Amino acid sequence: MLVIFLISALISNSIFGVRGDIYGFSFGVACPESPVISDFDANKYVGKWYEIERIPMIFERGLECVTAEYNLLEDGSISVKNSGVKKNGKKSSVDGIASLPNPETQPNMFYVDFRNKGKHSERKNEANYHIWATDYENYSLVYSCNVYAGFIKFEAAWILAREKKLNEEIITELKEKLTEKGVHIEKLKPVSQHC
Ligand SMILES: *[C@@H]1O[C@H](CO)[C@@H](O)[C@H](O)[C@H]1NC(C)=O
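Counting with mature numbering (1 follows the signal peptide of the UniProt record, and there is no 0), you get residues -17 to -1, 1 to 178 for the letters of the sequence shown.
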């Protein structure tokens, strides 16, 4: 169902000339390779992050003042709480859990799961939250990509910061990293942190 909806939406989008891109979905057969940060330190990464820019997502539609809070759990996984404010002013939040499918080789590539309200599910999954760059103290660049049915590409990217604002120079550098990998940075939209 979702696939049929997406195909028709993408085709009509192409016909109407709107870049062929809806909420991170577009026609595409491959995802860029994410950089490995071999000395990635989850201990330094946890804590609160503010969303500065993002590729608009269905599940974050209209959400402003979005924050993500990560906490290290005893078993080495990380609890995730994403919060935001909807257009009608109501707060909204979702709990998830993050784990590392390949801790030895890809310590910066997490699988974040929101289906079980913060509890682990049994299914083995591929990483969907790839940290492309972070200095732990100021910024983080997160990327996610998947190809469905061989030709429908889903792509998400978030620029996060420890504070509600991030230096424009850093934003530009992070966008350059996306551009180098072929991600269209026009898709990223600023997220208000004034609610
Ligand atoms: C974060 O930014 C501040 C202010 O620009 C800077 O002093 C600090 O060194 C940065 N942190 C890291 C880890 O680079």
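Ideal Cβ positions, reconstructed from N, Cα and C, are used throughout, including at glycine.
This structure is a prediction, so every number in the text was calculated from the model and none was measured.
Residue environment: C178 is assigned as exposed (fewer than 16 neighbouring CB atoms within 10 Å of its CB, all protein chains considered). In the DSSP assignment, A25 falls within the alpha helix (DSSP H) that extends over 25 to 28. Taking a cut-off of 8 Å on C-beta distances, the stretch 156 to 166 touches the stretch 124 to 140, as three or more cross pairs fall below it. Look at the beta carbons and you see the stretch 7 to 27 not touching the stretch 42 to 49: under three pairs across the two are nearer than 8 Å. Proximity of the beta carbon of Y119 to ligand 1 is indicated: a heavy atom of the ligand is located closer than 7 Å. If you keep only unbroken alpha helix (DSSP H) runs of at least 4 residues inside the stretch 125 to 174, you get 151 to 163. Beta-bridge pairing by DSSP links D78 to K64. Scanning its chain for C-beta atoms nearer than 6 Å, with the 5 sequence neighbours on each side dropped, one finds around E138 the residues G7, C128, in chain order. H103 sits exposed, since fewer than 16 C-beta atoms from the chains shown fall within 10 Å of its C-beta.
Excluding five sequence positions before and after A144, the CB atoms of its chain that fall closer than 6 Å to its own CB belong to Y33, I35, Y122, given in chain order. By the Cβ-count criterion, T88 is exposed, with fewer than 16 other Cβ atoms from all chains shown falling within 10 Å of its own Cβ. Here D58 is exposed, its C-beta having fewer than 16 other C-beta atoms within 10 Å.
For E47, the CB contacts under 7 Å within the same chain, skipping 5 residues up- and downstream, are G67, V68, V174, S175, C178 in chain order. Scanning its chain for C-beta atoms nearer than 6 Å, with the 5 sequence neighbours on each side dropped, one finds around P15 the residues K164, G165, in chain order. In this structure, F93 lies near A110, with their beta-carbon atoms less than 8 Å apart. A Cβ-Cβ contact shorter than 8 Å links N91 with I114. Under DSSP, H113 forms a beta bridge with M92, Y126.
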